[in-house]
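Participant:
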Amino acid sequence: DAGITQSPRYKITETGRQVTLMCHQTWSHSYMFWYRQDLGHGLRLIYYSAAADITDKGEVPDGYVVSRSKTENFPLTLESATRSQTSVYFCASSEAIWTGDSYEQYFGPGTRLTVT
Amino acid sequence: GQQLNQSPQSMFIQEGEDVSMNCTSSSIFNTWLWYKQDPGEGPVLLIALYKAGELTSNGRLTAQFGITRKDSFLNISASIPSDVGIYFCAGQLWAGNNRKLIWGLGTSLAVNP
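Taken in order, these protein sequences are the chains called A and B.
Plus 78 on top of the position in the first sequence (first one is 1) and you've got the numbering used here.
Take the second sequence: its position 50, counting from 1, is numbered 45 in the numbering used here, and each next residue is one higher.
Right, dumping it as structure tokens:
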């Protein structure tokens, strides 16, 4: 099925554990993004990627690592999970239109992560 | 980080009523996007606006890009129960040279059947 998918949809992990959230898109979009959503904070950008092997920090990157070896995948890793990283994580993608006319981002269904 | 001022924060209305929400900023934007998020799902794009003064409709939804480029509003006419959710505005700064969006904190809409 075409689109953007995230896995797992739900994850419970312990403090200090490493956990990786997966994101896969079938549109061949150049840009991909990771957000976290918390009550009172809305959507906050963690990292984004303009293309394979090109990543950059967003608003709240500390404690997270990303990689993008293939255009379609953009995994997010919490190297040593903390309770403050309990959140809902959304992946999004955006097509690269070099006229600059499109900034539309399309979101996955989210991963609800609980760190105990 | 920079954020948009989105209001109201929440609304509780009767089915059939019209709804209006808006986003404002002190900065100039070249793009405004409106999203809706259903419970347990990711945000879904409703309307995209790219020109100052632009008025765009999508069914019962109408959005406008403010003339000053610093604001946008979203109207929903004749609300129905499935309009329930959180509505977000997002904007691309005029001087931005990347794909990062600035997000509002959302308007939570409840509709009483």
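Glycine is no exception: its CB is placed at the ideal position from the N, C-alpha and C atoms.
Model, not experiment: these values are computed from the prediction.
Using the beta-carbon count (16 or more within 10 Å), is GLN96 of chain A buried or exposed?
Facilitator: By one-based count along the first sequence, residue 96 of chain A stands at place 18. Classification of GLN96 of chain A: exposed, given that the 10 Å Cβ count is below 16.
Participant: If we count Cβ pairs, one from each stretch, closer than 8 Å, do we get three or more for the region 144 to 160 of chain A versus the region 8 to 17 of chain B?
Facilitator: Flag = no, the region 144 to 160 of chain A and the region 8 to 17 of chain B do not touch.
Participant: Excluding the 5 residues flanking GLY101 of chain B on each side, which residues of the same chain have their C-beta closer than 7 Å to its C-beta?
Facilitator: Stepping through the second sequence from its first residue, residue 101 of chain B is reached at position 106. Closer than 7 Å at Cβ, skipping near neighbours: GLN1, ILE81, TYR82 and PHE83.
Participant: Which bits of chain B does GLY188 of chain A rub up against, with CB to CB less than 8 Å?
Facilitator: Taking the first sequence and counting its residues from 1, the one referred to as residue 188 of chain A is at position 110. Within 8 Å Cβ-Cβ: GLY35, GLU36 and GLY37.
Participant: LEU104 of chain B lies in the beta strand (DSSP E); which residues open and close that run?
Facilitator: The residue given as residue 104 of chain B occupies position 109 in the second sequence. Its beta strand (DSSP E) spans residues 102 to 107.
Participant: Kindly indicate which residue of B:GLN32, B:LEU28, B:LEU104 and B:ASN107 has the alpha-carbon position closest to the one of LEU50 of chain B.
Facilitator: The residue labelled residue 50 of chain B in the question sits at position 55 within the second sequence. For the residues B:GLN32, B:LEU28, B:LEU104 and B:ASN107, the minimum Cα distance to LEU50 of chain B belongs to B:LEU28.
Participant: Can you tell me the Cα-Cα spacing of PRO76 of chain B and LEU123 of chain A, whole angstroms?
Facilitator: Residue numbering aside, residue 76 of chain B sits at position 81 when the second sequence is read from its first letter. Residue numbering aside, residue 123 of chain A sits at position 45 when the first sequence is read from its first letter. Distance between the alpha carbons of PRO76 of chain B and LEU123 of chain A is about 31 Å.
Participant: Please report the Cβ distance between THR93 of chain A and THR194 of chain A, rounded to the nearest whole angstrom; I am assuming they are in contact, meaning their Cβ atoms lie under 8 Å.
Facilitator: Working through the first sequence from its first residue, we reach residue 93 of chain A at position 15. Working through the first sequence from its first residue, we reach residue 194 of chain A at position 116. Confirmed, Cβ separation roughly 7 Å.
Participant: Start and end of the beta strand (DSSP E) containing TYR82 of chain B?
Facilitator: Locating residue 82 of chain B in the second sequence gives position 87, counting from the first residue. 80 to 88 is the extent of the beta strand (DSSP E) around TYR82 of chain B.
Participant: Using a Cβ cut-off of 9 Å, which residues of the region 23 to 57 of chain B contact any Cβ in chain A, in chain order?
Facilitator: Per Cβ criterion, the list reads ASN25, THR26, LEU28, TYR30, GLN32, GLY35, GLU36, GLY37, PRO38, VAL39, LEU40, ALA43 and TYR45.
Participant: May I ask you to verify whether the region 66 to 76 of chain B touches the region 154 to 164 of chain A, counting CB pairs closer than 8 Å and requiring at least 3?
Facilitator: No, because fewer than three Cβ pairs between the region 66 to 76 of chain B and the region 154 to 164 of chain A fall closer than 8 Å, the two stretches do not touch.
Participant: Taking a contact to mean a Cβ-Cβ separation below 8 Å, would you say GLY86 of chain B touches SER20 of chain B in this structure?
Facilitator: Working through the second sequence from its first residue, we reach residue 86 of chain B at position 91. Working through the second sequence from its first residue, we reach residue 20 of chain B at position 25. Cβ distance < 8 Å, so GLY86 of chain B and SER20 of chain B count as in contact.
Participant: Run the CB neighbour count on GLN59 of chain B, radius 10 Å, all protein chains shown included, and call it buried at 16 or more, exposed below.
Facilitator: The residue given as residue 59 of chain B occupies position 64 in the second sequence. Per the 10 Å Cβ criterion, buried.
Participant: Report the option in A:THR189, A:MET100 and A:GLN183 whose CA atom is closest to the CA atom of LYS31 of chain B.
Facilitator: For the purposes of this step, residue 31 of chain B is taken as residue 36 along the second sequence, with counting starting at 1. Selected option, being the one with the closest Cα: A:GLN183.
Participant: Could you run through the region 123 to 139 of chain A and flag, in chain order, every residue whose CB is less than 9 Å away from some CB of chain B?
Facilitator: Here the close residues are LEU123, TYR126, ALA128, ASP134, GLY136, GLU137 and VAL138.
Participant: Residues of chain A with CB under 7 Å from GLN9 of chain B, in chain order?
Facilitator: For the purposes of this step, residue 9 of chain B is taken as residue 14 along the second sequence, with counting starting at 1. In chain order: nothing, as chain A lies at least about 26 Å away.
Participant: Who are the neighbours of LEU99 of chain A on chain B, taking C-beta pairs under 8 Å?
Facilitator: On the first sequence, position 21 is the one that residue 99 of chain A refers to. In chain order: nothing, as chain B lies at least about 13 Å away.
Participant: Look at the alpha carbon of LEU41 of chain B and the alpha carbon of PRO34 of chain B, and state the distance between them as a whole number of angstroms.
Facilitator: As a working note, residue 41 of chain B is residue 46 in the second sequence. As a working note, residue 34 of chain B is residue 39 in the second sequence. Computed Cα separation, rounded: 16 Å.
Participant: Counting contacts by CB-CB distance shorter than 8 Å, is GLY120 of chain A in contact with chain B?
Facilitator: As a first step, residue 120 of chain A is located in the first sequence; it is residue number 42 there, counting from the start. Yes, because at least one Cβ of chain B sits closer than 8 Å to the Cβ of GLY120 of chain A.
Participant: Pull out every residue of the region 93 to 106 of chain B whose Cβ sits closer than 8 Å to any Cβ of chain A, in chain order.
Facilitator: Listed in sequence order: ASN93, ARG94, LYS95, LEU96, TRP98, GLY99, LEU100 and GLY101.
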